[in-house]
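The next block holds one structure in the form of structure tokens; read it before the comments.
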Amino acid sequence: MRHQGKLTRWKDEQGYGFIVPDEGGEDVFVHIKSFKHRQPRPVENDTVSYVVATDPDGRLQAEQVVLPNRIRPRRRRHIQACSFNFIFAALFFAFLITMSAAHRLPVEMVSVYLIMSAVSFSAYAIDKRAAIHGNWRTPETTLHLLDLFCGWPGGLVAQPALQHKTSKRPFLFTTWLVVTLNCTVVLWTVFPQGNRLLRSIPQYLEAKEKSSPKVEGDQSDFGIQIIPNHSD
Numbered sequence: 001m002r003h004q005g006k007l008t009r010w011k012d013e014q015g016y017g018f019i020v021p022d023e024g025g026e027d028v029f030v031h032i033k034s035f036k037h038r039q040p041r042p043v044e045n046d047t048v049s050y051v052v053a054t055d056p057d058g059r060l061q062a063e064q065v066v067l068p069n070r071i072r073p074r075r076r077r078h079i080q081a082c083s084f085n086f087i088f089a090a091l092f093f094a095f096l097i098t099m100s101a102a103h104r105l106p107v108e109m110v111s112v113y114l115i116m117s118a119v120s121f122s123a124y125a126i127d128k129r130a131a132i133h134g135n136w137r138t139p140e141t142t143l144h145l146l147d148l149f150c151g152w153p154g155g156l157v158a159q160p161a162l163q164h165k166t167s168k169r170p171f172l173f174t175t176w177l178v179v180t181l182n183c184t185v186v187l188w189t190v191f192p193q194g195n196r197l198l199r200s201i202p203q204y205l206e207a208k209e210k211s212s213p214k215v216e217g218d219q220s221d222f223g224i225q226i227i228p229n230h231s232d
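Position 165 (the sequence shown) corresponds to 165 in the UniProt record's numbering; numbering is contiguous.
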């Protein structure tokens, strides 16, 4: 027999909360693993439909949980968000490739963004899997740092594609702040002043390496020159 209630005291990071039954009675414990797949991630005050079961200690818990009021509208928003994020990331890479071909940006920058995007997407996928199975989560700070260090295209695509972190407004705000910062820096490096600074970095490192003092003579591991002992 299915029951209906409202989700309360939902702890998204830990992946559990309680359901207040519409017919009254004791609150029912619910874990993220009890929600059926291919649904949006639950949020506080969601209306849920569920089956009541008991754990080994006799406590009430919900099974086969669905979100009847959010499936269709959220699916449309999910498709729209996924399309927008993918197109935005694709346009960014098209811009990088075009500027690299025009010698306005280093070719290596495209490779860096591709590699870091793959790393960021993988981190989101690992965290999503951990959320489903109730395992140890990846800190949000780590995800933001990966996005900050050139991985944001992968993170931006991963959010709607994996339906992960899409309902957390503070997280999304920080994500777009990171995207804006990255795009601003890249645009600045296209202009002459920023481009000169960007291309001067490897030249500076190369000059610094050449100017570093070279060790001459036979020396010990501690940098002390060993003087041969010439005995008569």
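C-beta atoms are modelled at their ideal positions from N, C-alpha and C, and glycine is treated no differently.
Checklist entry - Buried or exposed: which applies to Gly223, given that a residue is buried once 16 or more other Cβ atoms fall within 10 Å of its Cβ? => result Here residue 223 refers to the residue found at position 223 when the sequence shown is read from its first residue. The predicted position of Gly223 is uncertain, since its pLDDT is 49 and thus under 50; no value can be drawn from it.
Next on the checklist: By DSSP's criteria, His37 is part of a beta bridge. Which residues make up the other side?
Outcome noted: Along the sequence shown, one-based indexing puts residue 37 at 37. Paired residue(s): none; His37 is not in a bridge.
Checklist entry - Buried or exposed: where does Ala123 fall if 16 or more other Cβ atoms within 10 Å of its Cβ makes it buried? => result Translated into the one-based positions of the sequence shown, residue 123 becomes position 123. It is buried - the Cβ of Ala123 has at least 16 other Cβ atoms within 10 Å.
Checklist entry - So who's on the other strand from Tyr16, going by DSSP bridges? => result Looking up residue 16 in the sequence shown gives position 16. Paired residues: Lys11, His31.
Next on the checklist: Per DSSP, what are the beta-bridge partners of Pro21 in this structure?
Outcome noted: Here residue 21 is taken as the residue at index 21 of the sequence shown, counted from 1. According to DSSP, which records beta bridges pairwise, Pro21 is partnered with Gly5.
Checklist entry - Can you tell which of Ile32, Ile19, Leu148 has its C-alpha closest to the C-alpha of Asn135? => result Mapped onto the sequence shown, residue 135 falls at position 135. With distances taken between Cα atoms, Asn135 lies closest to Ile32.
Checklist entry - In terms of residue numbering, what span does the alpha helix (DSSP H) encompassing Leu60 cover? => result The residue given as residue 60 occupies position 60 in the sequence shown. Element bounds for Leu60: not the alpha helix (DSSP H) but the beta strand (DSSP E), 60 to 66.
Item to check | Sufficient close CB pairs (3 or more, under 8 angstroms) joining the segment 19 to 30 to the segment 142 to 157 | outcome: no
Item to check | Contact set for Arg165: own chain, Cβ-Cβ below 6 angstroms, skip 5 residues either direction | outcome: The sequence position of residue 165 within the sequence shown is 165, counting from 1. The question names Arg, but residue 165 in the sequence shown is Lys. Setting aside the 5 residues that flank it on each side, Lys165 is surrounded in the same chain by Gln159, Phe171, each with a C-beta closer than 6 angstroms to its C-beta; the list follows chain order.
Item to check | Thr141 vs Ala130 beta-carbon contact at 8 angstroms | outcome: Walking along the sequence shown from the start, residue 141 turns up at place 141. Walking along the sequence shown from the start, residue 130 turns up at place 130. Against a cut-off of 8 angstroms, the Cβ pair of Ala130 and Thr141 comes out as no contact.
Next on the checklist: Which same chain residues end up closer than 6 angstroms to Val112 when comparing Cβ atoms and leaving out the 5 residues on each side of it in sequence?
Outcome noted: One-based indexing of the sequence shown puts residue 112 at position 112. Cβ within range, chain order: Cys150.
Checklist entry - Do you know how far the Cα of Val48 is from the Cα of Ala62? => result Indexing the sequence shown from 1 puts residue 62 at position 62. Indexing the sequence shown from 1 puts residue 48 at position 48. Taking the straight line joining both Cα atoms gives about 10 angstroms.
Checklist entry - So what does DSSP say about Thr54, is it helix, strand or coil? => result For this step, residue 54 is matched to residue 54 along the sequence shown. DSSP places Thr54 in strand when its eight states are reduced to three.
Next on the checklist: Are the CB atoms of Met109 and Ser100 within a distance shorter than 8 angstroms?
Outcome noted: Counted from its first residue, the sequence shown places residue 100 at position 100. Counted from its first residue, the sequence shown places residue 109 at position 109. Closer than 8 angstroms, so yes.
Checklist entry - Would Phe88 pass as a contact of Leu156 if the rule is Cβ separation under 8 angstroms? => result Locating residue 88 in the sequence shown gives position 88, counting from the first residue. Locating residue 156 in the sequence shown gives position 156, counting from the first residue. Their beta carbons are under 8 angstroms apart, which means Phe88 touches Leu156 by this criterion.
Next on the checklist: Please return the same chain residues whose Cβ sits closer than 6 angstroms to the Cβ of Asn182, not counting the five positions on each side in sequence.
Outcome noted: Taking the first residue of the sequence shown as 1, we reach residue 182 at position 182. Closer than 6 angstroms at Cβ, skipping near neighbours: Trp152.
Next on the checklist: Tell me which residues share the same chain as Asp27 and place their Cβ nearer than 7 angstroms to its Cβ, disregarding the 5 neighbours each side in the sequence.
Outcome noted: Taking the first residue of the sequence shown as position 1, residue 27 is located at position 27. So the list reads Phe18, Ile19, Val20, once near-sequence residues are dropped.
Item to check | Spatial neighbours of Val66 in its chain, beta-carbon cut-off 8 angstroms, leaving aside the 5 residues before and after | outcome: Translated into positions along the sequence shown, residue 66 becomes position 66. So the list reads Phe35, Lys36, Gln39, Val48, Ser49, Tyr50, once near-sequence residues are dropped.
Item to check | Rounded Cβ spacing between Val43 and His3 (contact assumed at less than 8 angstroms) | outcome: Mapped onto the sequence shown, residue 43 falls at position 43. Mapped onto the sequence shown, residue 3 falls at position 3. Actually they do not touch by this definition, with Cβ atoms about 20 angstroms apart.
Checklist entry - In its own chain, which residues sit with a C-beta less than 7 angstroms from the C-beta of residue 240, not counting the 5 before and 5 after it? => result The chain is shown only over 1 to 232; residue 240 falls outside these bounds and no answer can be derived.
Next on the checklist: Quick check on the DSSP output: the alpha helix (DSSP H) that includes Ser122 runs from which residue to which?
Outcome noted: Walking along the sequence shown from the start, residue 122 turns up at place 122. 107 to 133 is the extent of the alpha helix (DSSP H) around Ser122.
Checklist entry - For Val48, which beta-bridge partners are listed by DSSP? => result As a working mapping, residue 48 is identified with position 48 in the sequence shown. Paired residues: Gly5.
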